[in-house]
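According to UniProt numbering, the residues represented by the sequence shown are 1 to 453, in order.
We put the CB at the ideal spot given by N, CA and C, even for glycine.
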Amino acid sequence: MLIKNAVLINEKEKRKCSVRIADGKIKEIATQLEAEKEEHVIDASGYYLLPGGIDVHTHIEMPCGNLVSSDDYDAGTKAAVWGGTTTVMDFAEYDKGEKLQDGLDRWMTKSEGKSYCDYSFHMTVSGWDETTEEQIHKIKSQGITSFKAYTAYQDDIGVNDKELFRILKCMKKIGGLLCVHCENGPVLECLQADLKHVNPGRIRNHPESRPNLVEKEAVSRVIDLAAIVDVPVYIVHVSTKEAVEVIRKAKAKGQKVYAETCPQYLLLDEEAYNLPGFESAKYVLSPPLRKKEDQKALWEALKDGTIDVVSTDHCSFNYHGQKDYGKEDFTQIPNGIPGIENRMKLMLTYGIRHGISLEKIVKVCSAAPAKIFGLYPKKGVLKIGSDADMILIKQEKAHSVTWAELHQRVDYTPYEGMEEEWEIPYVFVHGTCVVDHETWSGKKHLGRFQKCI
Ligand code: URP
Ligand code: ZN
Ligand code: ZN
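Structure (structure tokens):
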């Protein structure tokens with residue numbers, strides 16, 4: 001296949017050229033390439049050609065109490081591809097009493113043969129005993145090089161400081177990278193209990209029990225613990241201006257800290273908790289949505305490199321039948337919002353409106369995630385030998401996001417009515433054009449587990 005006359009965008013490159021694809025890989029890139037006999041040619045004049053998006057923070061088919069997030073691998077990865085994301089990294093979890101391997105085996109089973117794009121995992125570590133180090137070694141030998149710890153939810157999948165410290169030391173030993181959900185669990189649980197005592201059904205209790213400093217304190221502590229161990233650390237879903245400041249200072253001192261934020265923290269704000277009735281439950285996620293001043297700090301942090309990655313934390317629960325599980329008790333509302341299909345278009349639209357270049361969007365949505373998590377240069381870049389996971393994009397007239405046009409398996413979108421002005425009419429997975437405007441020809445066998453290095 002030959003893609004002619006596109007403007008190719010990599011994180012540090014913008015040039016008009018043609019790209020030849022063969023056997024799922026990029027075979028040639030040149031200013032001008034002539035079509036070979038019977039070669040399929042796409043004239044991409046007027047389009048930009050980008051590496052496909054890489055979403056390194058998703059929770060597909062994730063158990064949450066008695067519920068399971070509503071997108072499975074079939075629906076979730078189909079939605080990802082429609083939205084220009086061609087690789088996802090999901091969080092694999094194990095249950096109490098199980099080994100890490102049991103959880104990984106379960107995630108392998110639910111994804112294998114069901115994914116429309118490539119995928120890999122970070123392995124959640126929910127505790128520490130004398131067998132954990134060996135278990136982590138075993139997981140790493142299977143191509144899973146990043147792990148996850150939660151400083152919240154300590155009665156469930158979270159860890160205390162002692163356990164966290166052991167995990168960080170283990171990362172240092174094996175050369176793994178720990179991703180950390182940073183909220184002070186015990187403190188937010190006290191705040192939750194007090195608010196619940198007064199009015200259990202009030203949704204505003206959710207953001208009020210998780211104030212900015214609950215995040216900032218945990219980010220600061222985790223970064224300090226990583227400094228003591230002298231190991232890199234990756235802070236997931238940064239949402240506050242205070243946390244941004246802590247990360248900026250650590251980076252300035254030379255500490256290897258990676259930081260991620262998500263479109264919801266850049267674009268939505270706490271006004272969402274003032275909706276009538278139970279509507280605000282659609283925006284119950286953790287950390288919660290913040291103030292406009294936090295958004296501003298996050299955009300600045302993205303521009304100056306304090307934040308490295310934009311991923312989605314896609315974790316969809318239906319408004320009807322799942323979110324309403326917590327109608328009488330706000331602590332029972334399943335946490336999480338969908339966005340796997342929206343990220344690329346939102347970042348193109350609002351990133352550019354905030355003065356961010358296309359190259360930088362490629363960097364935070366594709367190249368940096370690939371580099372940080374060991375998928376580069378197979379993924380995250382358009383160069384000879386890379387996987388031909390690509391998107392052709394075009395700026396169009398502004399239109400509104402509507403749930404009815406999306407493919408995620410969930411009954412709402414938190415971005416309903418927001419403007420978008422970029423289209424992704426072509427998506428290529430391993431060199432196969434799987435989205436051609438409204439036509440879908442995705443193939444499940446194209447999505448394969450990726451070992452990270
Ligand atoms: O509310 C959220 N973010 N749910 C997904 C799990 C997590 O904490 O990332
Ligand atoms: Zn989290
Ligand atoms: Zn998450």
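What residues match up with residue 440 in a beta bridge as DSSP calls it? 435
Can you give the Cα-Cα distance for residue 64 and residue 323, rounded to whole angstroms? Their backbone Cα atoms lie some 11 Å apart in a straight line.
Thinking C-beta only, is residue 83 closer than 7 Å to residue 341? yes
Grouping DSSP H, G and I as helix and E and B as strand, with all else coil, what is residue 166? helix
Heavy atom of ligand 3 within 6 Å of residue 55 beta-carbon: no
Between the beta-carbon of residue 60 and the beta-carbon of residue 87, is there less than 7 Å? no
Could you pull the start and end residues of the beta strand (DSSP E) that residue 5 belongs to? 2 to 10
Contact check, residue 363 vs residue 39 under 8 Å by CB: the rounded distance? Actually they are not in contact, since the Cβ atoms of residue 363 and residue 39 sit about 31 Å apart, beyond 8 Å.
What is the DSSP secondary structure of residue 96, counted as helix, strand or coil? coil
Name the DSSP bridge partner or partners of residue 430? Paired residues: none, contrary to the question.
Which residue marks the beginning of the alpha helix (DSSP H) containing residue 195, and which one marks its end? 185 to 198
Let me check understanding here. Comparing Cα to Cα, which of 355, 58, 337 and 373 lies closest to residue 308? Nearest C-alpha to residue 308: 373.
Considering only the beta carbon of each residue, do residue 56 and residue 369 sit closer than 7 Å? yes
When you compare the segment 237 to 244 with the segment 186 to 200, are there three or more beta-carbon pairs, one atom per stretch, that lie closer than 8 Å? no
Buried or exposed for residue 361, going by 16 or more other Cβ atoms inside 10 Å? It counts as buried.
For a quick check, are the C-beta atoms of residue 312 and residue 365 less than 7 Å apart? no
Is there at least one non-hydrogen atom of ligand 3 closer than 6 Å to the beta-carbon of residue 313? Yes, since a heavy atom of ligand 3 falls inside the 6 Å radius drawn around the Cβ of residue 313.
Can you tell me whether residue 118 is buried or exposed, with buried defined as 16 or more other CB within 10 angstroms of its CB? buried
In this structure, does DSSP put residue 119 in helix, strand or coil? Three-state DSSP puts residue 119 in a strand.
In the DSSP assignment, what are the bridge partners of residue 231? Answer is none; residue 231 lacks a bridge partner.
Mapping the DSSP letters down to three states, classify residue 338 as helix, strand or coil. Coil at residue 338, not helix or strand.
With DSSP collapsed to three states, give me the class of residue 131. coil
Contiguous alpha helix (DSSP H) assignments of at least 4 residues, all confined to the segment 241 to 325: 241 to 252, 263 to 267 and 292 to 304
Given a cut-off of 7 Å on the beta-carbon distance, is the pair residue 192 and residue 77 in contact? Going by C-beta atoms, residue 192 is not nearer than 7 Å to residue 77.
CB of residue 206 to nearest heavy atom of ligand 2: below 6 Å? The answer is no for residue 206.
Would you give the residue range spanned by the beta strand (DSSP E) that residue 28 belongs to? 25 to 30 is the extent of the beta strand (DSSP E) around residue 28.
Exposure of residue 148, with buried meaning 16 or more beta-carbon neighbours within 10 Å: With 16 or more Cβ atoms within 10 Å of its Cβ, residue 148 is classed as buried.
Report whether the distance from the Cβ of residue 181 to the nearest heavy atom of ligand 2 is below 6 Å. yes
Could you compute how far the alpha carbon of residue 176 sits from the alpha carbon of residue 275? 42 Å
Express the C-alpha separation of residue 270 and residue 293 in angstroms, rounding to a whole number. If you take the alpha carbons of residue 293 and residue 270, they lie about 11 Å apart.
Give the single residue among 357, 201 and 4 whose Cα lies nearest to the Cα of residue 20. 4
From 355, 13 and 273, residue whose alpha carbon lies closest to that of residue 304: 355
Under 7 Å, do residue 120 and residue 171 count as touching if we go by C-beta distance? No, Cβ-Cβ distance for residue 120 and residue 171 is not below 7 Å.
With distances taken from CA atoms, which of 429, 97 and 169 is nearest residue 227? Answer by Cα proximity: 169.
Determine the closest residue to residue 389 out of 25, 1 and 112, with distance taken between C-alpha atoms. Per the C-alpha coordinates, the member of 25, 1 and 112 positioned closest to residue 389 is 25.
Hey, is the segment 194 to 211 in contact with the segment 243 to 260, meaning 3+ C-beta pairs nearer than 8 Å? Cβ pair count under 8 Å is below three, so no.
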